[in-house]
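Q: For the sequence shown, the working numbering puts the final residue at 152, and the numbers step up evenly by one. Can you keep this structure in mind? I'll have questions shortly.
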Amino acid sequence: MEKLTNKEEEIMHILWRLEKAFVKDVLAEIKNDKPHYNTLSTIIRNLEEKGYVSYNAYGKTHQYYPIISKEDYKKKFMNLAIGNYFNNSYKNMVSFFAKEEKISVEELKEIIELIEKNK
């Protein structure tokens, strides 16, 4: 599974949300920095070549849909991020967010409860 560019990732989030979409549907969902229709079409075809989407053909038109789930993508790249930035240590990751004040004591307690519950 190849890492996606920011724009490809944005498009995948749209496809995951819509489940199936034509290029015009995806274009309508892009809020900022809307690419030209042909540019977007090329990006979606690149996603197809990378194995992230497939399509149903209706004449010359294609309706695209994701073939990689959001959950699978998230698992793959969260594991890479934890490996690359936190030495494969979830403790280091949680400590980082605690030091940056991005996670509250209540959220940490919830995480501990989840861990204990799943033992």
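Backbone N, C-alpha and C fix where the C-beta goes; we use that ideal spot for every residue, glycine too.
In the DSSP output, which residue or residues are listed as bridge partners for His-95?
A: Bridge partners of His-95: Ala-90.
Q: Do the stretch 112-132 and the stretch 63-75 make contact, defined as three or more Cβ pairs closer than 8 Å?
A: Counting Cβ pairs under 8 Å, fewer than three are found: no touch.
Q: Identify the continuous alpha helix (DSSP H) that holds Asn-121 and give its terminal residues.
A: It is not in any alpha helix (DSSP H) - Asn-121 carries neither H nor E in the DSSP assignment.
Q: Nearest by alpha-carbon distance to Lys-54: which of Glu-35, Tyr-88, Pro-68 and Ser-128 is it?
A: The residue you asked about is not Lys; residue 54 is Ala in the sequence shown. With distances taken between Cα atoms, Ala-54 lies closest to Tyr-88.
Q: Relative to the alpha-carbon of Lys-93, which residue among Lys-67, Val-56 and Glu-62 has its alpha-carbon at the smallest distance?
A: Ranking Lys-67, Val-56 and Glu-62 by Cα distance to Lys-93 puts Val-56 first.
Q: Ordered along the chain, which non-local residues of its own chain (more than five positions away) have a Cβ less than 6 Å from that of Lys-83?
A: If we look at Lys-83 and ignore the five residues flanking it on each side, its Cβ neighbours are Glu-35.
Q: Just the Cα atoms here: how many angstroms apart are Asn-125 and His-69?
A: Each residue's Cα considered, the two are about 42 Å apart.
Q: Comparing C-alpha positions only, which one of Ala-90, Tyr-85 and Tyr-91 sits nearest to Ile-100?
A: Selected option, being the one with the closest Cα: Tyr-85.
Q: Here's the rule I'm using: 16 or more other beta-carbon atoms within 10 Å means buried, otherwise exposed. How should Tyr-91 be labelled?
A: So Tyr-91 ends up on the exposed side.
Q: Who are Ala-54's beta bridge partners in DSSP?
A: Answer is Tyr-97.
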